[in-house]
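All residue numbers for the sequence shown refer to the numbering used here, where the first residue is 1 and numbers rise by one.
No residue lacks a Cβ here, since even glycine has one placed at the ideal position from N, Cα and C.
This report refers to the structure that appears directly beneath it.
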Amino acid sequence: MREFAVQQDTSRAVLITGSTSGIGLAVAHVFGRAGYHVMLHGLADADSVQALRQEFADYDGKVGFSSADVSSEEGCAQLVSETREAIGNPSVLVNNAGIQFTAPTHEFPSDIWQQILAINLSASFYLMRDLVPAMRATNWGRIINIASVHGLVASENKAGYCAAKHGLVGLTKVVALENADCNITANAICPGWVETPLIQPQIETISREQSVDLDTARAQLVGAKQPMAKASPTNAIAELAMYLCGDFASTITGASLPVDGGWTAQ
1 MREFAVQQDT SRAVLITGST SGIGLAVAHV FGRAGYHVML HGLADADSVQ ALRQEFADYD
61 GKVGFSSADV SSEEGCAQLV SETREAIGNP SVLVNNAGIQ FTAPTHEFPS DIWQQILAIN
121 LSASFYLMRD LVPAMRATNW GRIINIASVH GLVASENKAG YCAAKHGLVG LTKVVALENA
181 DCNITANAIC PGWVETPLIQ PQIETISREQ SVDLDTARAQ LVGAKQPMAK ASPTNAIAEL
241 AMYLCGDFAS TITGASLPVD GGWTAQ
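This is the structure:
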């Protein structure tokens with residue numbers, strides 16, 4: 001049986017927004033190990049940036065970092081400029097940056113609504129708009145938008161997040177259709193619960209309030225939505241992103257791929 005072949009040309013470069021921790025950092029490491037030049041992005045102080053760069057020191061490719069504010073069009077333009085200076089034109093774009101806020105729709109603050117749409121949706125639009133022309137010029141590109149199960153289904157108190165992620169899924173399909181003639185694919189990965197530091201406080205709260213151990217609390221939290229009752233590791237998302245850049249995924253485009261333990265199968 002022929003083995004799956006990943007594009008490993010070291011001239012390839014990837015920009016990953018929101019890549020200082022969690023899913024984004026896992027994606028960065030997978031691409032770094034595969035020989036890509038990697039542009040990291042996010043909020044970090046000088047010491048943290050240095051530590052991040054050190055994590056990538058043993059990889060063959062270049063590594064860059066930007067703290068550009070992607071909540072504005074100008075910040076996205078800055079990120080594109082800094083990326084090109086550090087690693088060249090990225091042939092792979094992973095839009096991962098995002099924020100969350102919960103409140104009933106009738107109590108949702110308008111400023112937070114605008115901020116969620118700016119970071120979770122508009123930033124992806126600006127970056128795709130600005131980077132796709134170079135991909136078209138080389139007749140190759142991969143766009144991977146980290147959406148969410150909330151781009152496919154809804155939950156209460158998440159008006160901003162659901163609106164932005166549903167929009168991102170739709171935007172992904174449009175870009176896929178517009179660039180189908182240029183060997184450029186655009187896909188959305190839609191994670192459910194993922195093992196990141198963000199869920200730990202919720203697990204600890206359940207453990208404390210119900211006097212159960214952390215594993216039981218985790219299963220209760222995740223199992224309320226996901227039939228498998230277990231969260232995905234960050235590497236599951238990262239490896240799927242890498243797969244979408246491989247030879248065997250060259251005709252996968254416009255897809256929304258749940259990684260959700262059965263959440264959206266219900």
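Asked	Found
Here's a check: name, in chain order, each residue in its chain whose Cβ is nearer than 7 Å to the Cβ of residue 26, leaving out the five neighbours to either side.	234, 235, 237, 238
I need the DSSP call for residue 179, collapsed to helix, strand or coil.	coil
With DSSP as the reference, label residue 252 as helix, strand or coil.	coil
So what does residue 235 bridge to, in DSSP terms?	Looking at the DSSP assignment, residue 235 forms no beta bridge with any residue, so it has no partner.
Do residue 197 and residue 75 have their CB atoms nearer than 9 Å?	no
For the pair the region 25-43 and the region 238-257, tell me if three or more CB-CB distances fall below 8 Å.	yes
Which same chain residues end up closer than 6 Å to residue 284 when comparing Cβ atoms and leaving out the 5 residues on each side of it in sequence?	No statement about residue 284 is possible, as the shown extent of the chain runs from 1 to 266 and does not include it.
I want to know whether the region 133-147 touches the region 78-97 - three or more CB-CB distances under 8 Å.	yes
Apart from the five residues just before and just after residue 68, which ones in its own chain have a Cβ nearer than 8 Å to its Cβ?	41, 75, 76, 78, 79, 82
Spatial neighbours of residue 218 within its chain, please: C-beta separation below 6 Å, excluding the five flanking residues on both sides.	203
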